[in-house]
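In UniProt numbering, the protein residues as written are 1 to 435.
The C-beta atom is built at its ideal place from N, Cα and C for all residues, glycine as well.
Predicted model, so just to flag it, every value in this text is computed and none were measured.
First up is the structure itself, then whatever we jot down about it.
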């Protein structure tokens, strides 16, 4: 065998080794703890909806069918076409966000598109080695592209083995690796000497999409150039509250989130907006977020880099009964929906006919919060009091109050109800259960 065949064998061996390690990590507990592992698999499957699973299978099947019809010699074209989809991404794709695709679904699609690109690239490498129709530069450039793709796939998958180390490594090197892959792909096409071909157009389009995505993100950062953040850390609860003044108004949408670049960290932290209090015409300037970590290495007041808002309203007002559940810091993801619905009812009541009514049909909200520790309640207590104040404005009752539950054993336990009067009947619009 010559050097190229050795390289191909080494590349495939690396991929097979990764597969074996990943398989052993995932399925070795099955041999020791069969019932516990089956329970974990069942829970993990629930995390994905049937449309998500079906779309993933359909996408992979379409690639396999197209490759079967066109032949293995066209694998490089399919790899480049999928590469365009891959570079539509970023931390959050503006295209995916604009059409309402959730962040979890987007990451799932992004990962499997990368898997398809790697698989098709390796098929192309195998076909080229079999045909021996390449020179030294083509072999080197193609090998670099395939190797970099394998590195990206491995870093994105083995972080489950050692999450804190590998995932941090993946986050910090993901973008440089993506740029190297794009440059190496262009070099590989140049060595093949196929000017103005379909492959060239696809690579050029991929680079253009990435440049546009980065430019739009930079414009958003520039739009928040006057933003300031005040940090309040809780040593006991290991939670940091960031009070953000954006310097301009943004839509007040429950379910929205930002990327906040904190000095000393290479990548932005994705955090949901938990609270806002100065809403006017569905826009706010100040909002608060919670981060499940302590930040002590920077000043309490600094200028951040903000990316967002992403996400959107889930139209919770179209349901009569809502059950919102959060565990620990997860309260930050569900509390804004209760705040939004209470605020909308408050505005409907005060409406004098100068603005359209929301006419939400929601009659009952159950908010369930499971604490990781009793200290966490202190971080959100004022939010519940603010909800109680808003409910008093709606009902006109001074007895509507969200009280602080008492400690029972090692956890805070208690249903906390805020009542409203409707047709002389006592009904509960918002009930908070803290366990």
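Report yes or no: do the region 137-150 and the region 175-189 share at least 3 C-beta pairs separated by less than 8 Å? yes
Could you round the C-beta distance between residue 79 and residue 124 to whole angstroms and report it? I think they count as a contact, below 8 Å. 6 Å
Roughly how many whole angstroms lie between the Cα atoms of residue 289 and residue 324? 18 Å
Could you check if residue 254 is buried or exposed, using at least 16 other CB atoms within 10 Å of its CB as the buried criterion? buried
Rounded C-alpha distance that separates residue 434 from residue 178: 44 Å
Compare the Cα-Cα distances from residue 239 to each of 92, 330, 136 and 107 and report the closest residue. 330
Spatially closest choice to residue 277 from 176, 244, 220 and 192, by CA coordinates: 244
DSSP-derived helix/strand/coil call for residue 261: strand
Which class does residue 113 belong to by DSSP, given the choice of helix, strand or coil? helix
With a 10 Å radius around its C-beta and 16 neighbouring C-beta atoms as the bar for buried, classify residue 321 as buried or exposed. exposed
What's the C-alpha gap between residue 227 and residue 287? 11 Å
Cutting at 8 Å between CB atoms, please list the residues of its own chain near residue 82, excluding the five before and the five after it. 63, 113, 116, 117 and 120
Bounding residues of the alpha helix (DSSP H) (the contiguous stretch that carries residue 206): 198-223
Would you say residue 273 and residue 291 are within 8 Å of each other, going by their C-beta atoms? no
Residues of its chain near residue 348, where Cβ-Cβ distance is below 6 Å and the 5 sequence neighbours each way are ignored: 357 and 358
Is the beta carbon of residue 362 closer than 8 Å to that of residue 341? yes
At which residue ranges does the region 303-373 contain complete beta strand (DSSP E) runs of 3 or more residues, listed in the order of the chain? 305-310, 321-327 and 364-370
Under the rule that 16 or more other beta-carbon atoms within 10 Å means buried, what is residue 69, buried or exposed? exposed
Burial state of residue 209, where buried means 16 or more other Cβ atoms lie within 10 Å: buried
Residue 248, enclosing beta strand (DSSP E) - first and last residue: 239-251
For my contact list, residue 84 and residue 202 are in at a C-beta cut-off of 8 Å; report their separation, rounded to the angstrom. 6 Å
Euclidean distance between Cα positions of residue 160 and residue 137: With a pLDDT of 44 at residue 160, under the threshold of 50, the predicted position of this residue should be treated as unreliable, and no value is reported.
In whole angstroms, give me the CA-to-CA distance for residue 373 and residue 212. 44 Å
What is the rounded straight-line gap between the Cα of residue 401 and the Cα of residue 96? Here residue 401 scores only 47 on pLDDT, less than 50, and its place in the model should not be relied on; the value that follows carries that caveat. Straight-line Cα distance between these residues: approximately 41 Å.
Residue closest to residue 104, alpha-carbon to alpha-carbon, out of 207, 146 and 52: 52
Buried or exposed for residue 308, please, with buried defined as at least 16 other CB atoms from any protein chain shown within 10 angstroms of its CB. buried
Beta-carbon within less than 7 Å of residue 351's beta-carbon, same chain only, minus the 5 sequence neighbours each way: which residues are those? 357
Are the CB atoms of residue 224 and residue 246 nearer to each other than 8 Å? yes
Kindly indicate which three-state DSSP category residue 425 falls into: helix, strand or coil? With a pLDDT of 40 at residue 425, under the threshold of 50, the predicted position of this residue should be treated as unreliable, and no value is reported.
Quick check on DSSP: helix, strand or coil for residue 403? Annotation note: pLDDT 45 at residue 403 (below 50); position unreliable, coordinate value reported separately. Residue 403 falls in the coil class under three-state DSSP.
Best match in 58, 334 and 77 for proximity to residue 314 [C-alpha to C-alpha]: 334
Sub-8 Å separation of residue 317 and residue 344 beta-carbons: yes
How far does the beta strand (DSSP E) with residue 289 in it extend, from its first residue to its last? 283-291
Of the choices 86, 106 and 76, whose alpha-carbon is the least far from that of residue 55? 106
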